[in-house]
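The opening residue of the sequence shown carries number 97 in my numbering; numbering runs sequentially from there. A virtual CB, placed ideally from N, CA and C, is assigned to each residue, including glycine. Given the structure is predicted, the values throughout are model-derived calculations rather than measurements. The structure appears right after this line, and notes come after that.
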Amino acid sequence: MLDMDPAVRKNDLTIYQNVTSVSGPAMTWSMHAIGWLDVNDELSAKEMFQKNYIYIQQPFDVWKETYQGGGAENFITGIGGFLQNLAQGYLGLRIYEDRLEFKPFLIPDAEKYNAIGVAYQEMIFNFAVDNSIVYVNLTMVQSK
97 MLDMDPAVRK
107 NDLTIYQNVT
117 SVSGPAMTWS
127 MHAIGWLDVN
137 DELSAKEMFQ
147 KNYIYIQQPF
157 DVWKETYQGG
167 GAENFITGIG
177 GFLQNLAQGY
187 LGLRIYEDRL
197 EFKPFLIPDA
207 EKYNAIGVAY
217 QEMIFNFAVD
227 NSIVYVNLTM
237 VQSK
């Protein structure tokens, strides 16, 4: 990850958020939310996170590319961005060659959440996050 001054990152997010089309593709808001969490602005992240839900279409809750209904009917990239928002945004996972870092936040309107089966190198972790504590369990070490 690029080492960027947090004030510069926040300024960039503000500028881009103000010029980003509201009719843009579904993954737009996930990337903005992750950025806001990187600078510890949970309120702005929540606003961006909640914009994701307008892309869900009935009756099967699949994601559309644009909220107006145009583009791909089952927009896998959009749901991928949403999942990335959960893992890299709210769980705060950062994967490096020599370590796995995490900086969790509560998902908006949730009291707790679990991330089960997070694989890193030869290990499997489970995470449980609530408003007061984070549990990390190493559940498996795979032998080579």
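Alpha helix (DSSP H) containing residue i: first to last residue?
| i | result |
| --- | --- |
| M100 | Per DSSP, M100 belongs to no alpha helix (DSSP H) and is neither H nor E. |
| T124 | M123 to D134 |
| T235 | Careful: T235 lies outside any alpha helix (DSSP H), inside the beta strand (DSSP E) at V230 to V237. |
| S140 | E138 to Q146 |
| L179 | I172 to Q180 |
Along the chain, where does the beta strand (DSSP E) containing residue i start, and where does it finish?
| i | result |
| --- | --- |
| A40 | It is not possible to answer for residue 40, since the shown part of the chain is limited to 97 through 240. |
| D226 | M219 to D226 |
Alpha carbon to alpha carbon, how far is residue i from residue j?
| i | j | result |
| --- | --- | --- |
| N210 | I111 | 33 Å |
| A183 | L189 | 6 Å |
| A122 | E169 | 12 Å |
| I229 | Y186 | 14 Å |
| P102 | V135 | 6 Å |
| V232 | I191 | 16 Å |
| Q154 | N181 | 22 Å |
| E207 | K106 | 27 Å |
| W132 | E138 | 7 Å |
Using CA coordinates, which residue listed in the options is at the minimum distance from residue i?
| i | options | result |
| --- | --- | --- |
| V118 | D99, I152 and Y163 | Y163 |
| M236 | G213, N227 and L196 | G213 |
| L179 | G167, F145 and R195 | F145 |
| A48 | Q217, M100 and L109 | Missing from the structure shown is residue 48; the chain here goes from 97 to 240 and no further. |
| D194 | E218, D99, N114 and I229 | E218 |
| A215 | H128, L234, G120 and N227 | L234 |
| E143 | H128, Q154 and Q153 | H128 |
| S126 | K106, N148, Q113 and V115 | N148 |
| N227 | S239, V104, K240 and D205 | D205 |
| G120 | Y151, D99, K240 and M100 | Y151 |
- prompt: Would you say the segment 194 to 211 touches the segment 221 to 233, given that touching needs at least three Cβ pairs under 8 Å?
  reply: As far as the Cβ criterion goes, the segment 194 to 211 touches the segment 221 to 233, which means the pair count is three or higher.
field: At least three beta-carbon pairs within less than 8 Å, the segment 144 to 162 to the segment 171 to 187
entry: Segments in contact, yes.
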